[in-house]
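Engineer:
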Amino acid sequence: MLGYFFMAQTSSDGTAALDKALDVLDAIGSAPQGLGQAELGTRLQLPRTTLYRLLATLVARGLVRRDPLRRVYRLGFRCVEYARAAYTMPDLVAAAGLELRGLRDLTGETSYLAVLDGREVLSLERCDGAHAHRSASALGERKPLHCTSQGKAILSALPEAEREALVKDLPLPAVTPRSITERRRLMAELRLTATRGYALDDEEIVPGVRCVGAPVVDPQGQVRGAISVAGPAFRLTLERLELLGSEVAQAARRIGAQLGSSPAPSPAAGDSLVHVVPGGWALRGAYPAWNASTRQLWWADTLAPAVHVVDGLGGPRESDRVVASLDSPIDAMLLLPLPQATAHGLADTAGGVLVSTQSGGWWQVGPDGGVTALAGWPRRRFSAVCADAQGQVWACVPDGERWRLAPLAGDEGSPHGWHLPEPATALAWQADGRRLVAVAPESGTLYTLTPGSATVRRLATVPKGSGRLLGLALDADGGAWCALKGGWSVARFAPDGSLDRVIGLPVPCPTGVALGGPAEAPLLCVPTAREGLSSEVLGNAPGSGRLLVVGLAAGGPQG
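Okay, so the sequence shown: first residue is -8 according to our numbering, each after it adds one.
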């Protein structure tokens, strides 16, 4: 009997300790900014020594973590792991992993996975964006339903009776001045969300941050959660959110279809170093070209027509200078020497460039800045030019309602070449001459063309919400690098057309790409534009119009 008494007493003491530990977890979990030990003691009316022992145990188990700077306690990542396990039957996080990374790569912004937890959404997974200034909500964080894209997306997909019952008793606080605080307006928003398939958060929970989200529904019709993409409002304009909405909705549908099947892997993406080359800015930079012989990078300002040269690329004495100014906007630039240009009277001089202007003239710009007109060069309308390994110049020229890729100086009626349904604005030959790649920004398509075959193959297509494809550089591994104007990033497409790397940039409008620098430390050179940008955007992206250099050795394939 005495043994039973001591056993019961021990059990009672253990239950009391467990209750107190759970009270501590509840208190910390209800305070997103964390709680200090003194405030916890006051709230829970616990002795200081008891609270100290409980916190020490919870920290050791990973259920609570201490912020050493603010001296507060917050929920630990073990709580997130428990939440994942509770909401993944089958594994929702694993099913969403690849799609979250894909959305991050397409947008350059942070993507999230969340689930419904009572009257809130709980963040289960996050794929960080490519920018230093990005959305970074904590894993395990709870947010209101009425002012988040995830919450509105989940509500919109619930059965009508369940949705109405939930909204009826849902608190609608004004988290920001843009938060929805009227139940009738919220229901109208949910009906619109259900119709279009995605929800918007227009600075409704965090000022200066916008978000687009879509519900994840499994094959049985059960709402399993929501995914979203979030970022600063100056990058995620409302127009861009509308374009991205369908992409997020499609990704959510693919996740839902996977539930119950094998989880997909989520490979990691490496970071890269981006810096601005010292020098002036351009209205619209373009046509970067690396001269390996002279170790100089050439590029142009097309609107305030000037030719720039960068010396010491990537080094401590890196500098940008204008070597020549022209009288008409520039619409093409190629490195010299070119045998075809020499045949038309151009001096066989290395180190310069061949420039075409909208006035219809071709010019040689030498390393010393001298400008010489090139007489006899074919003056044909084109949308893009490039040179192959033999120095022959190829162009995309109009041909009736289509566009033809062929040698610029060839017979206009020659069958040699390929036809595209739209104009290409950038062309590049693989170094071995086995394929020609063309960028067509109107449809966001990369085309690949093989000598000896008339077939035009679609290599990849980029949705408009990711940005407008501009520029092209092919690396030694067969990858194709492009700028994403309006997407704040550059992207690499693998030889099979898959998107395998996205690098965030501090400016919205990259306009071209070129690979340069030493082989052991390759660099991606990116001209940019400031034309047409608002003062707000320029305030957030002061490097607009400058030449950017991206170090590629940190991760991913390179040339």
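Think of the CB as a built atom: it goes at the ideal place given N, C-alpha and C, for glycine as much as any other residue.
Helix, strand or coil: which one does DSSP assign to L9?
Structural biologist: DSSP places L9 in helix when its eight states are reduced to three.
Engineer: How many angstroms separate the CA atom of G488 from the CA atom of R215?
Structural biologist: Straight-line Cα distance between these residues: approximately 31 Å.
Engineer: Is there contact between the segment 454 to 474 and the segment 429 to 446, where contact requires at least three CB pairs shorter than 8 Å?
Structural biologist: Cβ pair count under 8 Å is three or more, so yes.
Engineer: Between R425, V447, A422, G351, which lies nearest to W394 when the distance is taken from Cα to Cα?
Structural biologist: The option with the nearest alpha carbon to W394 is V447.
Engineer: In chain order, what residues of the same chain lie with their CB nearer than 7 Å to the CB of G495, ignoring the 5 residues before and after it?
Structural biologist: Closer than 7 Å at the Cβ level, and outside the excluded window around G495, lie G99, G120, A121, H122, W479, S480.
Engineer: Taking V265 as the reference, which of P501, T41, G27 has the closest Cα?
Structural biologist: Selected option, being the one with the closest Cα: P501.
Engineer: Taking 8 Å as the cut-off, does the segment 86 to 98 touch the segment 180 to 189 (at least 3 CB pairs, one atom from each stretch)?
Structural biologist: No contact exists between the segment 180 to 189 and the segment 86 to 98.
Engineer: According to DSSP, what are the bridge partners of C500?
Structural biologist: Paired residues: none, contrary to the question.
Engineer: Which residue wins for smallest C-alpha separation from H410, given the options P398, D390, A417?
Structural biologist: When only C-alpha atoms are compared, the closest one is D390.
Engineer: Check E551 in the structure and name its three-state DSSP category.
Structural biologist: Only positions -8 to 550 of the chain appear in this structure, which leaves residue 551 out of reach.
Engineer: What are the start and end residues of each continuous beta strand (DSSP E) run of 3 or more residues lying completely inside the segment 354 to 429, in chain order?
Structural biologist: Whole beta strand (DSSP E) segments, 3+ residues: 362 to 364, 375 to 378, 384 to 390, 393 to 398, 409 to 411, 417 to 420.
Engineer: Using a Cβ distance threshold of 8 Å, determine whether the segment 414 to 428 contacts the segment 351 to 369, with at least three qualifying pairs required.
Structural biologist: As far as the Cβ criterion goes, the segment 414 to 428 does not touch the segment 351 to 369, which means the pair count is below three.
Engineer: Between the alpha carbons of Q383 and V298, how many angstroms are there, rounded?
Structural biologist: C-alpha separation (whole angstroms): 22 Å.
Engineer: Comparing alpha-carbon positions, which option in L317, L514, E511, I145 lies nearest G351?
Structural biologist: Per the Cα distances, L317.
Engineer: According to DSSP, is L506 helix, strand or coil?
Structural biologist: Strand, per DSSP.
Engineer: With DSSP run on the structure shown, which of helix, strand or coil describes V239?
Structural biologist: Correct three-state label for V239: helix.
Engineer: Here's a check: name, in chain order, each residue in its chain whose Cβ is nearer than 7 Å to the Cβ of R61, leaving out the five neighbours to either side.
Structural biologist: Counting only Cβ-Cβ distances below 7 Å, and skipping sequence neighbours, we find G25.
Engineer: So, P206 versus I145, is the Cβ gap smaller than 8 Å?
Structural biologist: Yes, the Cβ-Cβ distance between P206 and I145 is below 8 Å.
Engineer: To the nearest angstrom, how far is it from the Cα of P164 to the Cα of V453?
Structural biologist: The alpha-carbon atoms of P164 and V453 are separated by roughly 39 Å.
Engineer: Determine the direct distance from the alpha carbon of T228 to that of Y73, and round the result to whole angstroms.
Structural biologist: Distance between the alpha carbons of Y73 and T228: 36 Å.
Engineer: H299 bridges to which residues according to DSSP?
Structural biologist: BP columns for H299 point to W290, V313.
Engineer: Helix, strand or coil: how does DSSP classify T528 here?
Structural biologist: With the sequence shown as reference, residue 528 is identified as Val, and Thr is not the correct amino acid for it. Correct three-state label for V528: helix.
Engineer: Given L49, which residues of its chain have a CB within under 6 Å of its CB, disregarding the five upstream and five downstream residues?
Structural biologist: V55.
Engineer: Expressed to the nearest angstrom, what Euclidean distance is found between the alpha-carbon atoms of P198 and T167?
Structural biologist: The straight-line gap from Cα to Cα measures roughly 7 Å.
Engineer: If you reduce the DSSP assignment to three classes, tell me which class A474 lands in.
Structural biologist: Strand, per DSSP.
Engineer: Counting along the chain, where does the beta strand (DSSP E) carrying K134 start and finish?
Structural biologist: Per DSSP, K134 belongs to the beta strand (DSSP E) from 133 to 135.
Engineer: For the alpha helix (DSSP H) containing G142, name the first residue and the last one.
Structural biologist: Taken as a continuous stretch (DSSP letters only), the alpha helix (DSSP H) holding G142 covers 140 to 148.
Engineer: Among the candidates A544, P499, L538, whose CA atom is the shortest distance from the CA of A512?
Structural biologist: Ranking A544, P499, L538 by Cα distance to A512 puts A544 first.
Engineer: Since S570 contacts A190 with CB under 8 Å, what's their CB separation in whole angstroms?
Structural biologist: Nothing about residue 570 can be read from this structure; the chain reaches only from -8 to 550.
Engineer: Would V376 pass as a contact of A364 if the rule is Cβ separation under 8 Å?
Structural biologist: For V376 and A364, no; Cβs fall outside 8 Å.
Engineer: Along the chain, where does the beta strand (DSSP E) containing L465 start, and where does it finish?
Structural biologist: Unbroken beta strand (DSSP E) run through L465: 459 to 465.
Engineer: Taking all protein chains shown into account, do 16 or more other C-beta atoms lie within 10 angstroms of the C-beta of Q381, making it buried, or fewer, making it exposed?
Structural biologist: The residue is exposed, with fewer than 16 neighbouring Cβ atoms inside 10 Å.
Engineer: Please report the residue range of the beta strand (DSSP E) in which V207 lies.
Structural biologist: Looking at the DSSP string, the run of the beta strand (DSSP E) that includes V207 is 200 to 208.
Engineer: Which residue from G131, V63, A505, W281 puts its Cα closest to that of R69?
Structural biologist: Checked all of G131, V63, A505, W281; the closest Cα to R69 is G131.
Engineer: What's the C-alpha gap between G477 and G361?
Structural biologist: If I take the Cα positions, the gap works out to 35 Å.
Engineer: Using 8 Å as the cut-off, can you tell me whether the segment 296 to 311 makes contact with the segment 522 to 531, which would need three or more C-beta pairs spanning the two stretches below that distance?
Structural biologist: No, they do not touch.
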